[in-house]
Structure formats: structure tokens, C-alpha cells
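Residue numbers (the working numbering): 6 to 276.
Note that beta-carbon positions come from the ideal geometry of N, C-alpha and C, so glycine has one too.
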């Protein structure tokens, strides 16, 4: 059994929106949670930060409690966190949308209208990618639990979409007639308060790193500090070594209409 912990970034005025999921094997969960607790304790006990959870935007923009830390301390912490994650044997799943391209089609494209919101479209891509990846494994039906940060209205509608997914989603993972739709997903997605789930906070950090890397590579924003481009690229390159197969995220061969739509809305730097 696997658990997928997810969070998003860029759903405000930013040009790109992303969701990143951390796929964790159940048997590795306990040591991973212990490791996260130790990393978080370093922030509160050793650095003296008065925080209840890790917010990537506060860390990188040196806001709130993070004002007492130096740039070197923050870089060292994120470096260690990325290396720790890469060494844990977990997997990453990610999706990104160019919001301008999405907004041009959201009122006319039937698939986007079925989703009803940008967040739901991103989340559905994550679900379909994991479904496609996991179904290739033997004896693996109903293997993944999805745990999102709380999303208010989206929770209700997205749960309904998973219970009764639109027919056009089936072509993405080449559903067989005899199989149930999304048969790799256990039950329905769960929504929790990220304050209580460290791996959602970790997903928030990774999502922020991916977004800044994309914004810089797509030349929509400049560096916010010297060396940011190189730093973000280094972290993203390391993190991508843990991702599920690229053919499950952004396939390039034999594309169905669903995969074509997903690819067309994604920035080139993430594909």
C-alpha cells in the first residue's frame, strides 16, 4: 500500500500552478515520519523558530519567524531535506499548468468544464498519472491512498469526480473494459489540516521549488536572490530522479486527447 501526500502552489496570481505528491510505501512510513520530526525539531529547537508548520513561501521570502535565520542556514536546511528525501526511496509525482493557456480554454473545452476548476484539473492529472504508473505492477489493485491539504469547496466536487470519473479520463491510462475506473485508488481522496501532516508540508516545499524553477526557466520572473536559478535547478534535478516514469506524467507517444490537452497546458520546462 502507498500513501500520496499532496499540496499545491501558484493558485493565486502566479503564472503557473502546480501540485506535487509524495508517494510513500506503508512499510517505510514510520521511519520517514520519525525523520521528518527530527528535521522539524531542528527548526524549532536548534534554530529557535516559533512555527507550527513549514511554509515554503515564508522560508524563501524570509518572512515571519524565518527572519532570525540566515540565507546560508536556509539553504543548508533545504539541501539536507532534499538529500534526505532522495535517499528515502520514495517517489514524486507532479503536474503544472500555464494559467494563461488554461484560462483561454476553461469556458470552451468540455474536459476543463467537466473539472470545474484549475485545482481539480491538476489533481485529476495527478490521480491519472499514479493510476497509469501503478496499474503496471502485478497484483496491485486498490493500492494508493491520496491525502490532500484541505480545499473547502473543491473537496466535495473532486470527491464526486473520483467516485464517477468522466469517460474521457479512461484513455489516459488505457482502461480495459473489464476493469473498474481508477482501480488503483483506495476509496476516496482524503483532506486534512497540513499542520498535522509533515509530508504535506514537505510537498509544499517541493512544489514551491518546482514553481520557482519553472518561472525562472520560462523567463517570466528573474532571480529573487543571487544564485537562485542554479539552486532551484539543482534541487529539481535531484527530486526528479525520484519521480514516477515520465511516460505516466507527460507521455510523448501515442497521445490520446486527454494526454494531448494536459501536455498542451504544461510549460515546456517541466515536460
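Between the options, which lies nearest to residue i when the distance is taken from Cα to Cα?
i, options, result
"residue 193", "148, 222 and 227", "148"
"residue 8", "268, 238, 214 and 152", "152"
"residue 61", "113, 38 and 86", "86"
"residue 234", "170, 38 and 222", "222"
"residue 135", "174, 119 and 121", "174"
"residue 95", "167, 123 and 245", "245"
"residue 178", "93, 112 and 262", "262"
"residue 107", "274, 269 and 273", "269"
"residue 176", "253, 224 and 128", "253"
"residue 121", "24, 171, 79 and 83", "171"
"residue 196", "25, 29, 163 and 77", "163"
"residue 141", "181, 112 and 44", "181"
"residue 26", "133, 56, 77 and 109", "133"
"residue 6", "259, 237 and 189", "189"
"residue 214", "23, 129 and 74", "23"
"residue 33", "77, 138, 93 and 89", "93"
"residue 356", "41, 17, 211 and 52", "Within the shown structure, residues of the chain are numbered from 6 to 276, placing residue 356 beyond reach of any answer."
"residue 103", "73, 127 and 119", "127"
"residue 43", "82, 114 and 72", "82"
"residue 232", "39, 119 and 77", "77"
"residue 228", "66, 57 and 39", "66"
"residue 212", "201, 237, 39 and 191", "237"
"residue 73", "49, 118, 185 and 137", "49"
"residue 154", "129, 137, 184 and 198", "198"
Would a C-beta distance cut-off of 7 Å place residue i and residue j closer than the cut-off?
i, j, result
"residue 98", "residue 249", "yes"
"residue 156", "residue 266", "no"
"residue 247", "residue 91", "yes"
"residue 208", "residue 47", "no"
"residue 125", "residue 159", "yes"
"residue 70", "residue 54", "yes"
"residue 205", "residue 12", "yes"
"residue 14", "residue 216", "yes"
"residue 101", "residue 271", "yes"
"residue 150", "residue 20", "no"
"residue 64", "residue 79", "yes"
"residue 29", "residue 16", "no"
"residue 57", "residue 200", "yes"
Can you tell me where the alpha helix (DSSP H) with residue i in it begins and where it stops?
i, result
"residue 85", "76 to 92"
"residue 197", "Element bounds for residue 197: not the alpha helix (DSSP H) but the beta strand (DSSP E), 195 to 197."
"residue 252", "251 to 254"
"residue 163", "158 to 168"
"residue 135", "123 to 139"
"residue 264", "262 to 270"
"residue 119", "115 to 120"
Taking the beta strand (DSSP E) that residue i belongs to, which residues open and close that run?
i, result
"residue 25", "21 to 30"
"residue 101", "96 to 103"
Look up residue i in the DSSP assignment and give the residues it is bridged to.
i, result
"residue 7", "30 and 149"
"residue 14", "23"
"residue 190", "149"
"residue 154", "197"
| said: Ignoring anything shorter than 4 residues, give me the alpha helix (DSSP H) runs that lie fully in the segment 36 to 67, in order along the chain. | reply: Runs of the alpha helix (DSSP H) inside the segment 36 to 67: 61 to 65.
| field | Every unbroken alpha helix (DSSP H) within the segment 213 to 252, with a cutoff of 4 residues, ordered by chain | value | List check, alpha helix (DSSP H) in window: 233 to 245.
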